Structure formats: structure tokens, C-alpha cells
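Colleague: Let me begin by handing over the structure; questions about it come next.
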Amino acid sequence: QAQAQAQAQAQAQAQAQVRPAAAQKTDPPSGGPAVLAARVLVRTPFGAGYFSPDSLKCLENPASYSDDRLLARWKKMAESAADVSGCVDLVGMDGVLGSSGSARTEAGGKDGDAAAEGTGARGEASHAAADPRHSLPGAEGGDDKPPSRPGGAKRNGVLPVGSSMLRSPGLTGFLLSDPSLDVMEETLYPVLFEAEGRLAREGNPGVPRPFKMWEDQRYEVLDLRGRVMQFRNELYRQRRIRILNERSRISGRERAERVEGLLNEMKSDLASLKEHLQDELIELGIDQEKAEDLLGLYMKDPDSLSVEDEHSVIE
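First residue of the sequence shown: 1095, per our numbering; consecutive thereafter.
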């Protein structure tokens, strides 16, 4: 068995070496006529089939290129990129929120009608149809009504590339890579630092009328949200002040009760001391007049009152 396997491998190697030589011999000379077969046998992982040469396309794998061939390929790509410069690839950009192709297929059909409609040349996206906040109440007739979708389908849409509302000399939206820095600064400075109100105001001629209505509604919604936040902040401040006042009132009442208790204790102690003093004076035989005389002498000169004087006064 080992010898048979070795012989089979040797025959396969010999056939592999013979086939390129035979192919070189059968190749037509440069510039000479070539004969193509009517059908070509193609072997695939799932089977074999016969195809016409026109229906076949040879694909090259760049991973198998040599370094020189890759370098030449990259140089050509750089040269073509420099020649083309910046461009808006509307076909290559997705005109829906997110990158889910299933949602686009469900909304617009099999052929991608939703994406084509969402990325129109006029920039009339279906953002208002998807968001109820951007709906147009009272716009039953006229040109202000946004385009309706077939079948009443709704989806989230975005503006196509190049339709931004930045003011530029020529177009409503422009590529940031094309103009110079000076032109870009002159264009963006009034918008960022000198603009008043909202960008899509009524006096802006570069914005379509539906966008102006949507912008007015969005500005009104933002204004109402700001007022709600102000009222909430005011209510929150009042609530904090009320809580602080309630805490201060409770702590003040507790302190007042504590001070009142201490005052009552002091009054009771004073009354008990007076009673004890009265009992001691009665035991010593000192009446009210003698007590007043002792107190008067002590108040005049506390040091001059000696023990003998006290005994004499007591006697």
C-alpha cells in the first residue's frame, strides 16, 4: 500500500509538471488569433457546470498579489482619488436612520423605493412623516404638505448627504473638504456666532417651506420644553425652601420646649432653695429684720464682716 501511494503521488507530480508545459505550447503567439470554446466547464464546491465564456468573469484576489503589484495598485488608487477629489456619493449613503436593510425593504418594497425616495435631490426627506412632533397640522392643501408615501407606510428618514442647512456661497449644503479654511471660516462664523434665533427662519431663502414649518414647530416645542423646565426648577426650589423652613420650625420648636423645661426646672429649684433657706433661718432663730441687717452689712463690705460680728448680729 505504501508503494502504491508513493507511485500515485509521483504520477500526480509528473502530470502537474507536464500540464504547464503543454499549456505554454498551445498558447497562441502574441498578437495571433485565439480560439474560444463554445462552453467552459467550471467546477464548484457544489458541483460542475458548463457556461459560455461571456457569462464568466475572472476575479482576482489581491491577497495573492506580490509586493510590486500591490504597490502599483495602491499608486493607481491614490492617483484616481487625487483626480476625483471630494464628491457626494448619494448612492453609497444610506438614507434611513440606522443601517438595517430589512426596515428599508419593509417600508419601501423589494427594490429599495424607500431609500430612493428618502434621498431625493430636493432633500425632501420623510422625517416629518415618521415623527408625529413634525407633522403639519392644518396643511391639507397647497405645496406645504410633505410628500405622502404609497400605502401610508411610515419610517424614520434623514436628509441626504450634501443637503445640510449651512449657508454657503453657491448651495444650501456644501462639502467641507472642498473649500479652503478661509472660505469655511467666513461661511461658518456668521452661523455659529452671529446667528439670531433658528437657522431655518422665514427670511432664509435657501430652506424649503416644509422645512421652515418643521423648524417652527420644533422651535415651539423646544420653547415649551424650556418653560416646563423653568417651572419645574422654580417648583423644586420652592419645595426645597419649604422643606428647610419646616425643618427649621421643627428644630426651633424642640429647642423652645427644651428651654421651657429647663426654665421650669430652674423655677422649681429656686422655690425649693427658698424653702430650705427659710427652714434654716427658722432653726437659727433669725427673723426677717436680722436677715436684712446681715445682708446689708455683707453688701457694704464683705471683708469687714467677721465671725464675731455675725455672732453678735445673731444674738
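Think of the CB as a built atom: it goes at the ideal place given N, C-alpha and C, for glycine as much as any other residue. Keep in mind that this is a model prediction, so the values were computed, not measured.
Starting from Leu1135, trace the alpha helix (DSSP H) in both directions and tell me its first and last residue.
Modeller: The count along the sequence shown starts at 1 and reaches residue 1135 at position 41. Unbroken run through Leu1135 is the beta strand (DSSP E), Val1134 to Thr1138; no alpha helix (DSSP H).
Colleague: Strictly by DSSP, which residues pair up with Gly1143?
Modeller: The residue you call residue 1143 lines up with position 49 of the sequence shown. Bridge partners of Gly1143: Val1136.
Colleague: Using the beta-carbon count (16 or more within 10 Å), is Phe1305 buried or exposed?
Modeller: Position 211 of the sequence shown, counting from 1, holds the residue named residue 1305. When all chains shown are included, Phe1305 counts as buried.
Colleague: Nearest-angstrom Cα distance between Tyr1144 and Ala1157?
Modeller: Residue 1144 sits at position 50 when you count from the first residue of the sequence shown. Residue 1157 sits at position 63 when you count from the first residue of the sequence shown. Cα to Cα, Tyr1144 sits roughly 28 Å from Ala1157.
Colleague: Quick one: using the 10 Å Cβ neighbour count with 16 as the cut-off for buried, is Glu1154 buried or exposed?
Modeller: The sequence position of residue 1154 within the sequence shown is 60, counting from 1. Exposed, by the Cβ-count rule.
Colleague: Would you tell me roughly how many angstroms separate the C-alpha atoms of Cys1152 and Leu1135, rounded to the nearest one?
Modeller: Here residue 1152 is taken as the residue at index 58 of the sequence shown, counted from 1. Here residue 1135 is taken as the residue at index 41 of the sequence shown, counted from 1. When rounded, the distance between both Cα atoms is 14 Å.
Colleague: Taking a contact to mean a Cβ-Cβ separation below 8 Å, would you say Ala1365 touches Leu1375 in this structure?
Modeller: Locating residue 1365 in the sequence shown gives position 271, where the first residue counts as 1. Locating residue 1375 in the sequence shown gives position 281, where the first residue counts as 1. No, these two residues do not count as a Cβ contact at 8 Å.
Colleague: Provide the residue span of the alpha helix (DSSP H) that contains Asp1395, from first to last.
Modeller: As a working note, residue 1395 is residue 301 in the sequence shown. Run containing Asp1395: none; DSSP gives neither H nor E here.
Colleague: Specify, as a first and last residue, the run of the alpha helix (DSSP H) that Ala1157 falls within.
Modeller: Start at 1 with the first residue of the sequence shown, and residue 1157 comes out as number 63. No alpha helix (DSSP H) contains Ala1157, which DSSP labels as neither H nor E.
Colleague: State buried or exposed for Trp1168, treating a residue as buried only when at least 16 other CB atoms are found within 10 Å of its CB.
Modeller: For the purposes of this step, residue 1168 is taken as the residue at position 74 of the sequence shown. The residue in question, Trp1168, is exposed, as its Cβ has fewer than 16 Cβ neighbours within 10 Å.
Colleague: Can you tell me where the alpha helix (DSSP H) with Lys1361 in it begins and where it stops?
Modeller: In the sequence shown, residue 1361 corresponds to position 267, counting from 1. Unbroken alpha helix (DSSP H) run through Lys1361: Arg1303 to Leu1378.
Colleague: If you drop the 5 nearest sequence neighbours on each side, which residues of the same chain put their C-beta closer than 6 Å to that of Arg1137?
Modeller: Reading the sequence shown from its first residue, position 43 is the one you call residue 1137. No residues qualify anywhere along the chain.
Colleague: Phe1140: buried (16+ other C-beta within 10 angstroms of its C-beta) or exposed?
Modeller: Within the sequence shown, the letter at position 46 stands for residue 1140. Classification for Phe1140: exposed.
Colleague: DSSP three-state label for Lys1169, please.
Modeller: Here the question's residue 1169 lines up with position 75 in the sequence shown. DSSP places Lys1169 in helix when its eight states are reduced to three.
Colleague: Should Met1393 be labelled buried (16 or more other beta-carbon atoms within 10 Å of its own) or exposed?
Modeller: Taking the sequence shown and counting its residues from 1, the one referred to as residue 1393 is at position 299. Met1393 comes out exposed.
Colleague: Helix, strand or coil for Lys1151, going by three-state DSSP, please let me know.
Modeller: Translated into positions along the sequence shown, residue 1151 becomes position 57. Three-state DSSP puts Lys1151 in coil, outside helix and strand.
Colleague: Does Ala1131 come out as helix, strand or coil in the three-state DSSP assignment?
Modeller: Reading the sequence shown from its first residue, position 37 is the one you call residue 1131. Reduced to three states, the DSSP call for Ala1131 is coil.
Colleague: How long is the line joining the alpha carbons of Phe1325 and Gln1311, rounded to whole angstroms?
Modeller: For the purposes of this step, residue 1325 is taken as residue 231 along the sequence shown, with counting starting at 1. For the purposes of this step, residue 1311 is taken as residue 217 along the sequence shown, with counting starting at 1. C-alpha separation (whole angstroms): 21 Å.
Colleague: Can you give me the C-alpha to C-alpha distance between Glu1340 and Asp1363, rounded to a whole angstrom?
Modeller: To locate residue 1340, count along the sequence shown from 1; it is residue 246. To locate residue 1363, count along the sequence shown from 1; it is residue 269. If I take the Cα positions, the gap works out to 35 Å.
Colleague: Evaluate Met1360 with the Cβ neighbour count: other Cβ atoms within 10 Å of its Cβ, from every protein chain shown; 16 or more gives buried, anything less gives exposed.
Modeller: Locating residue 1360 in the sequence shown gives position 266, where the first residue counts as 1. It counts as exposed.
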